[in-house]
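Each remark here refers to the structure printed beneath this line.
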Amino acid sequence: MKRYEGFAILAAVNFRRKTGVYPKTFEKMVEILRVAHKQKKIKGGRPNKLSMEDMLLMALEYWREYRTYFHIGLDYGLSESNTYQTIRWVENVLIKDGTFSLPGKKALLSEDAEYEIVLKDVTESPIERPKRGKNAITQERKNVTQ
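Each residue of the sequence shown is one higher than the one before, counting from 6 in this note's numbering.
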């Protein structure tokens with residue numbers, strides 16, 4: 006059974022809680038990956054062990070939970086290096102497509118951009134620790150029986 010099939014039955018809110026994206030966004034990502042995969046395999050090659058949905062799900066798990074490649078590979082039945090290559094391929098394809106990219110630095114520096122400023126109080130507070138010294142240490146009585 007594919008891992009994606011277990012998650013596909015979840016409600017949209019729970020699917021997002023698990024993967025970080027809504028099911029519609031997930032489907033758009035899968036379509037982008039399918040097109041790129043078709044272009045990659047034009048000359049032929051070995052079929053992938055995982056489906057496109059599982060490959061994307063694996064990458065989303067890595068981005069969301071930041072687990073090691075070894076642990077993710079164990080879950081999907083892949084080696085650590087194959088897991089790394091798959092996640093990097095998914096990243097590169099989605100970045101190259103540009104559908105899900107954020108605005109660049111120049112767009113952020115434009116004059117018509119509105120900024121929302123959030124201030125956090127990060128004042129330092131001392132940590133209470135026991136004082137070191139002779140009085141702070143409780144001596145144990147020595148009962149020597151001979």
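Backbone N, C-alpha and C define an ideal beta-carbon position, used for all residues, glycine too.
Each residue's CA atom was taken as its position, placing R69 and Q90 some 18 angstroms apart. Apart from the 5 residues on each side of it in sequence, M57 sits with its Cβ closer than 6 angstroms to the Cβ of V35, L38 and R39 in its chain, given in chain order. Using a C-beta cut-off of 8 angstroms, the region 100-112 makes no contact with the region 59-75, since fewer than three inter-stretch Cβ pairs fall below that distance. Taking the C-beta atoms as reference points, Y27 is found no nearer than 8 angstroms to A13.
Secondary structure within the region 88-136: the alpha helix (DSSP H) runs of 4 or more consecutive residues, fully enclosed, are 110-114 (chain order).
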